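These protein sequences, in sequence, are chains A and B.
Here the first sequence stands for residues 0 to 265, where the numbers follow numbering that gives the first Met the number 0.
Here the second sequence stands for residues 0 to 318, where the numbers follow numbering that gives the first Met the number 0.
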Amino acid sequence: MPALLELEGVGLSRGGSEILAGVDLTIEPAEIHSVLGRNGTGKTSLACLVMGLSGYELTRGRILFDGKDIAKLSISDRARAGITLAWQEPPRFEGVSVYDYLSLSGAGKPDRLDPREALALVGMDPLQYADRMLDEDLSGGERKRIELASVLAMRPRLAMLDEPDSGIDSLSIDTIDKVIRTIVKRGAAVLLITHRENLAEIADRASAMCGGKILKTGQPDEIGRFFRNHCEDCAHINSPGQNGYPGVEALAFRGPTLSPSGEGGQ
Amino acid sequence: MTQTLDYELELDAIARAYAASGGDPRDFHATRGGVLVVSGNRALVGRGTEGLTIETEQLSDGIRARIVAHRGAHIADPVHLCFGMVPTRGVQRILADFVIEEDASVRFLAHCTFPNAVEIRHIMEGTVEVGENARMEYEETHYHGDTAGIETLPKMRIRVARGGLYRSTFKLVKGAAGVVDLDYDVTAAEEGIAELFAKIYGKGDDRVKVRESINLEGRGSRGLAKSRIVVTDRASAEVLGEIVGAGPGSRGHVDCMEIIRGGKAQAVAVPLLRVVEESAKLTHEAAIGSVDKRQMETLMARGLSESEAVDVIVRGLLR
Numbered sequence: 000m001p002a003l004l005e006l007e008g009v010g011l012s013r014g015g016s017e018i019l020a021g022v023d024l025t026i027e028p029a030e031i032h033s034v035l036g037r038n039g040t041g042k043t044s045l046a047c048l049v050m051g052l053s054g055y056e057l058t059r060g061r062i063l064f065d066g067k068d069i070a071k072l073s074i075s076d077r078a079r080a081g082i083t084l085a086w087q088e089p090p091r092f093e094g095v096s097v098y099d100y101l102s103l104s105g106a107g108k109p110d111r112l113d114p115r116e117a118l119a120l121v122g123m124d125p126l127q128y129a130d131r132m133l134d135e136d137l138s139g140g141e142r143k144r145i146e147l148a149s150v151l152a153m154r155p156r157l158a159m160l161d162e163p164d165s166g167i168d169s170l171s172i173d174t175i176d177k178v179i180r181t182i183v184k185r186g187a188a189v190l191l192i193t194h195r196e197n198l199a200e201i202a203d204r205a206s207a208m209c210g211g212k213i214l215k216t217g218q219p220d221e222i223g224r225f226f227r228n229h230c231e232d233c234a235h236i237n238s239p240g241q242n243g244y245p246g247v248e249a250l251a252f253r254g255p256t257l258s259p260s261g262e263g264g265q
Numbered sequence: 000m001t002q003t004l005d006y007e008l009e010l011d012a013i014a015r016a017y018a019a020s021g022g023d024p025r026d027f028h029a030t031r032g033g034v035l036v037v038s039g040n041r042a043l044v045g046r047g048t049e050g051l052t053i054e055t056e057q058l059s060d061g062i063r064a065r066i067v068a069h070r071g072a073h074i075a076d077p078v079h080l081c082f083g084m085v086p087t088r089g090v091q092r093i094l095a096d097f098v099i100e101e102d103a104s105v106r107f108l109a110h111c112t113f114p115n116a117v118e119i120r121h122i123m124e125g126t127v128e129v130g131e132n133a134r135m136e137y138e139e140t141h142y143h144g145d146t147a148g149i150e151t152l153p154k155m156r157i158r159v160a161r162g163g164l165y166r167s168t169f170k171l172v173k174g175a176a177g178v179v180d181l182d183y184d185v186t187a188a189e190e191g192i193a194e195l196f197a198k199i200y201g202k203g204d205d206r207v208k209v210r211e212s213i214n215l216e217g218r219g220s221r222g223l224a225k226s227r228i229v230v231t232d233r234a235s236a237e238v239l240g241e242i243v244g245a246g247p248g249s250r251g252h253v254d255c256m257e258i259i260r261g262g263k264a265q266a267v268a269v270p271l272l273r274v275v276e277e278s279a280k281l282t283h284e285a286a287i288g289s290v291d292k293r294q295m296e297t298l299m300a301r302g303l304s305e306s307e308a309v310d311v312i313v314r315g316l317l318r
């Protein structure tokens with residue numbers, strides 16, 4: 000049985016810089032897999048590449064979903080195949096109610112969740128929120144919860160969650176843990192992107208990322224220790240090979256050194 | 000008014016046109032709130048309510064109307080206005096004076112409907128006086144059919160007295176727009192509030208021009224000039240959002256967004272801020288371009304096609 004998602008030597012270049020330098024990663028069905036790394040190491044770009052966003056075209060390697068190469072599929076086709084992404088900072092929509100937004104999620108799929116049920120699952124009272132507009136009146140935390148509800152409503156097979164605990168009015172790890180487990184209980188795998196090791200540890204497996212490469216994959220506590228010992232205070236972000244991590248092959252990183260706050264638009 | 004067969008037929012025809020614009024013809028018979036129904040140059044229904052007087056005078060090419068909300072009257076139900084023409088050609092000129100006296104409050108729901116327009120000019124020239132601590136809300140929805148054979152020329156001059164509020168929304172998003180030249184000009188006195196909002200969808204060869212101008216004359220007055228315009232095909236749009244900060248501590252904001260769909264559509268946005276009092280503060284945001292990529296990709300990541308995603312975003316903006 001093939002892995003749900005399989006990345007083979009995946010590369011991505013943007014603006015002349017190599018952002019992903021040969022990523023190998025597999026996600027199994029119903030697995031929670033966290034990708035842990037400091038800001039600017041390529042985590043968000045990895046999710047954008049898998050989702051097929053514009054400007055994130057594969058420069059080398061293969062992306063297999065259910066054993067099929069999806070590199071040429073549009074965002075919509077990838078979503079219809081069961082892949083989705085919850086952005087770190089989800090956009091606002093003028094004139095679109097929360098209910099309407101959630102109704103659009105996975106529209107046409109027979110097993111999609113009712114918007115009210117999806118709201119309740121992320122701890123939001125449907126009576127209070129269904130008619131609210133998805134605009135600037137919502138707090139950052141409310142908007143992020145609604146994004147998670149939208150992922151739930153869609154009933155995806157692979158949900159990629161980018162820094163679900165970041166931002167002002169951020170969600171608690173308990174809430175995120177609960178939502179992730181609900182997504183998994185409903186048959187999806189989760190790719191959890193984070194720079195916080197305590198969040199990464201709710202996963203079944205974890206991978207540490209730096210310099211556009213997966214440095215190490217293993218049990219979350221093991222990867223958490225690795226991150227704590229090697230990455231948290233590292234002065235050589237995206238050039239980890241200079242220090243020579245024990246047990247990790249030195250990386251030949253060819254891109255520029257990014258600042259720790261450089262992630263987001265990458 | 001004498002109720003003749005001719006009258007009944009015309010009322011029925013304008014009621015159907017009203018429904019086409021999104022109105023509910025039962026509004027014509029509302030027993031609470033006022034009603035004014037004008038077909039061509041005939042006022043078919045003109046009925047005030049407690050605290051509200053509606054007077055009309057027939058002109059050769061339209062009507063003159065004077066609508067007064069009397070001092071302290073709080074008109075709880077909306078006042079329904081319908082201006083329209085069923086024939087394909089002609090001119091309708093509406094000269095309207097609204098007087099909202101001190102401490103009164105009233106909300107107007109206006110539908111302007113020209114479902115068969117081939118060659119029509121709809122001229123609206125109005126004045127509004129919002130008295131001290133009074134409040135007027137005016138929501139205007141237009142429907143011009145699908146042929147774009149209409150010129151719509153609304154021109155309003157509004158004065159908001161101390162502590163008063165004027166809020167208007169002009170909406171033309173269904174069917175063709177034709178030629179639109181909207182010109183709203185508000186002056187707000189001390190602690191007065193003026194909010195202007197235009198939402199227009201231009202298609203085909205439609206030409207849309209919007210001028211929203213607010214003069215914040217009084218101390219602590221506030222103003223918002225907001226527009227959401229979408230143009231597609233060969234349509235063009237030109238928006239001027241203008242605020243003058245003349246009153247001490249006045250605050251104003253221009254918020255203009257124009258979306259272009261299609262290679263030949265054109266849009267111009269000019270936010271114009273003028274501060275003549277050092278403690279006034281004015282801000283603006285103006286955006287012209289295609290649909291926001293992040294919004295579109297978010298919807299596509301939930302399974303919508305690109306065109307479905309664009310439709311959702313545009314419908315939301317014009318809602």
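Each residue gets a CB set at the ideal place from its N, CA and C atoms; glycine is no exception.
All values derive from a computational prediction rather than experimental measurement.
Closest to residue i by C-alpha separation, out of the options, would be which residue?
i       : options                              : result
V85(B)  : G217(B), Y142(B) and L164(B)         : Y142(B)
L24(A)  : K215(A), L6(A), G81(A) and K143(A)   : L6(A)
I192(B) : R273(B), V44(B), G251(B) and V37(B)  : G251(B)
N40(B)  : S59(B), F27(B) and G47(B)            : S59(B)
T30(B)  : A68(B), V67(B), I99(B) and H79(B)    : H79(B)
E56(B)  : V209(B), S212(B), L43(B) and C111(B) : L43(B)
D182(B) : E237(B), V313(B) and T282(B)         : E237(B)
G61(B)  : T52(B), A266(B), C81(B) and P77(B)   : C81(B)
G315(B) : M159(A), G94(A), A158(A) and F226(A) : G94(A)
Mapping DSSP to helix, strand and coil, what is residue i?
i       : result
P153(B) : strand
E3(A)   : The sequence given here places Leu at residue 3(A); Glu does not occur at that position. In the structure shown, L3(A) sits in coil (DSSP, three-state: anything other than H, G, I, E or B).
Y55(A)  : coil
S260(A) : Interpretation of S260(A) is limited by its pLDDT of 36, a score under 50 that renders its predicted location unreliable; no figure is taken from the coordinates.
K212(A) : strand
H28(B)  : helix
I119(B) : strand
C47(A)  : helix
N242(A) : Here N242(A) scores only 49 on pLDDT, less than 50, and its place in the model should not be relied on; the value that follows carries that caveat. Of the three classes helix, strand and coil, the one that applies to N242(A) here is coil, per DSSP.
G302(B) : coil
A268(B) : strand
R204(A) : strand
N38(A)  : coil
Starting from the C-beta of residue i, find all residues in its chain whose C-beta is less than 6 Å away, skip the five residues before and the five after it, and write them out in chain order.
i       : result
T151(B) : H121 and V179
M295(B) : A308
A95(B)  : A64 and G125
D130(A) : S96
L271(B) : E241
T216(A) : S206
R92(B)  : D60, G61 and I122
Taking Cβ-Cβ distances shorter than 8 Å, what residues in chain A pair up with residue i?
i       : result
S278(B) : The contacting residues do not exist; S278(B) stays about 26 Å from chain A at best.
K173(B) : By Cβ distance, chain A contributes nothing, its closest Cβ being about 15 Å from K173(B), past 8 Å.
Buried or exposed: which applies to residue i, given that a residue is buried once 16 or more other Cβ atoms fall within 10 Å of its Cβ?
i       : result
N242(A) : Legend: pLDDT at N242(A) = 49, less than 50; position of this residue unreliable, no value from coordinates given.
M0(A)   : exposed
E257(B) : buried
H73(B)  : exposed
G50(B)  : buried
Closer than 8 Å by C-beta to residue i: which residues in its own chain qualify, once you throw out the five before and the five after it? Chain order, please.
i       : result
I328(A) : What is shown of chain A runs 0 to 265, which leaves residue 328(A) out entirely.
R91(A)  : L133, D134, E135, L137 and R142
I145(A) : P89, V97, Y100, L101, L118, V121, M123, Y128, L133 and L137
T87(B)  : N115, A116, V117, E118, I119 and G148
Report the neighbours of residue i on chain A: residues whose CB is nearer than 7 Å to its CB, in chain order.
i       : result
T297(B) : W86, P89 and P90
G315(B) : F92, E93, G94 and V95
R293(B) : P90
R318(B) : G94
Taking Cβ-Cβ distances shorter than 7 Å, what residues in chain B pair up with residue i?
i       : result
L103(A) : L298, R301, L303 and V311
M50(A)  : A300
I74(A)  : E296, M299 and A300
T83(A)  : A300 and R301
Got a sec? Which residues, its chain only, sit under 7 Å from residue i by beta carbon, not counting five neighbours each side?
i       : result
L317(B) : V172, K198, Y200, R227 and V229
A188(B) : V159, A160, R161, E216, G217 and S220
R13(A)  : G54
So with CB distances below 8 Å, who are the chain B contacts of residue i?
i       : result
M153(A) : R301 and G302
T174(A) : Within 8 Å Cβ-Cβ: nothing; T174(A) doesn't reach chain B, min ~21 Å.
R79(A)  : G302
S53(A)  : K292 and E296
S149(A) : R301
Counting only Cβ pairs nearer than 9 Å, list the residues of chain B close to residue i.
i       : result
A106(A) : R301, G302, L303 and E307
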